[in-house]
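Everything on this sheet refers to the single structure shown next.
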Amino acid sequence: MTREQLFEQILKKKSYLCVGLDTDPKKLPQHLLDTEDPVFEFNRQIIEATADLCVAYKPNIAFYEAQGPAGWVSLEKTLQVIPGDIFTIADAKRGDIGNTAELYARAFFETLNFDSVTVAPYMGADSVKPFLQPDKWVILLALTSNTGSQDFQMLRLEDGNEEYLFEQVLRTSADWGPADQMMYVVGATQADYVQRVRDIVPNHFLLVPGVGAQGGSLEDISRIGMNKQCGLLVNSSRGIIYASSGPDFAEKAREAALAMQREMEQYLDQYLG
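Right, dumping it as structure tokens:
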């Protein structure tokens, strides 16, 4: 999917919502456990309930890998029912070099046909460039929402310029590929630093986790982070897919997604451009 196609979907749906499919078999509604593939059936109903309200789906690959071969089957079937005009993100956080990186790229872009994959930039340019393919996206970890992000991302550089390490990651990696092939992960809980991110990468899309259950503010992220093409994909996982654990789980997921979409519509009107 191209940048223009993604922006068209944002304008059409008045939404920059990404739904995270972090599907845990231990949290599935009881009535689904007797189906042939409970994980897929859960995902299918979530997708049917929310597809008109979101512009992206983000399966967290670990939740599927942990189930062995059956998990990969559930993932493949899930991808088949996601509408073709919705952006897909393999939240895999890969990061290796040489043939290994090339094979990771082949796995997610060719075998599974995702639009994008999350990648850790720690090993440098040669761990990222194999993912830079036509009409595909690399989503680099930049400033994450977890507590441990303080360990490295917020270290001050020693050259006296007062920059944090995450800012150097942004500056260096921005030269590895164009803004229509690269995004950055910036946690919603790091809203105080989003302006620093935008000063370095004003035109890139940001994938923003951490709104809702982790306490991030959608309003703050939208006000500070939005650019002329929106430039934001705000992810919600638990707050949507686990809005209910009963037979009405899909209905409640839709209600939660609709609430976010309506709030996003206001911010698009207020801050876009």
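Add 12 to the 1-based position in the sequence shown for our numbering, that's all there is to it.
Don't be surprised by glycine CBs; every beta carbon is placed ideally from N, CA and C.
Out of Arg208, Ala117, Lys26 and Leu153, state which residue places its alpha-carbon closest to the alpha-carbon of Glu174.
Against the sequence shown, residue 174 aligns to sequence position 162. Nearest neighbour of Glu174 by Cα position, chosen from Arg208, Ala117, Lys26 and Leu153, turns out to be Arg208.
Since Pro50 is in the alpha helix (DSSP H), which residue starts that stretch and which ends it?
Residue 50 sits at position 38 when you count from the first residue of the sequence shown. Residues Pro50 to Thr62.
Using only alpha-carbon positions, find the residue among Leu44, Leu219 and Met194 that is nearest to Ser157.
Taking the sequence shown and counting its residues from 1, one reaches residue 157 at position 145. Of the candidates Leu44, Leu219 and Met194, Leu219 places its Cα closest to the Cα of Ser157.
DSSP state of Lys148, grouped into three classes?
The residue given as residue 148 occupies position 136 in the sequence shown. Three-state DSSP puts Lys148 in coil, outside helix and strand.
How long is the line joining the alpha carbons of Asn72 and Ala271, rounded to whole angstroms?
The residue given as residue 72 occupies position 60 in the sequence shown. The residue given as residue 271 occupies position 259 in the sequence shown. Between Asn72 and Ala271, the C-alpha separation is close to 23 Å.
Report yes or no: do three or more beta-carbon pairs, one from the region 127-146 and one from the region 100-108, lie closer than 8 Å?
The answer is yes - the region 100-108 touches the region 127-146, with three or more Cβ pairs under 8 Å.
C-beta atoms of Asn247 and Pro221 nearer than 8 Å:
For the purposes of this step, residue 247 is taken as residue 235 along the sequence shown, with counting starting at 1. For the purposes of this step, residue 221 is taken as residue 209 along the sequence shown, with counting starting at 1. Yes; because the gap between Cβ atoms is below 8 Å, this pair is in contact.
With burial defined as no fewer than 16 other Cβ atoms inside 10 Å of the residue's Cβ, what is the status of Val93: buried or exposed?
One-based indexing of the sequence shown puts residue 93 at position 81. Exposed is the call here.
Between the beta-carbon of Val223 and the beta-carbon of Ala200, is there less than 8 Å?
Residue mapping note: residue 223 aligns to position 211 of the sequence shown, counting from 1. Residue mapping note: residue 200 aligns to position 188 of the sequence shown, counting from 1. Contact flag set, yes.
Going by the CB atoms, is the gap between Ala265 and Ile98 shorter than 8 Å?
Locating residue 98 in the sequence shown gives position 86, counting from the first residue. Locating residue 265 in the sequence shown gives position 253, counting from the first residue. No, they are not a contact pair.
With a Cβ-Cβ cutoff of 8 Å, do Asp192 and Arg15 count as a contact?
By one-based count along the sequence shown, residue 192 stands at place 180. By one-based count along the sequence shown, residue 15 stands at place 3. Their beta carbons are under 8 Å apart, which means Asp192 touches Arg15 by this criterion.
According to DSSP, is Thr130 helix, strand or coil?
Indexing the sequence shown from 1 puts residue 130 at position 118. DSSP places Thr130 in strand when its eight states are reduced to three.
Contact between the region 80-96 and the region 41-59 is defined here as three or more beta-carbon pairs at a separation below 8 Å; is this criterion met?
Touching, per the Cβ criterion.
Beta carbon of Phe178 nearer than 8 Å to that of Gln165
Working through the sequence shown from its first residue, we reach residue 178 at position 166. Working through the sequence shown from its first residue, we reach residue 165 at position 153. Contact: yes.
Ser256: first and last residue of the uninterrupted alpha helix (DSSP H) it sits in
As a working mapping, residue 256 is identified with position 244 in the sequence shown. Secondary structure note for Ser256: it is in no alpha helix (DSSP H), with a DSSP letter that is neither H nor E.
Rounded C-alpha distance that separates Thr159 from Gly228
Working through the sequence shown from its first residue, we reach residue 159 at position 147. Working through the sequence shown from its first residue, we reach residue 228 at position 216. Pairing Thr159 with Gly228, the inter-Cα distance amounts to about 13 Å.
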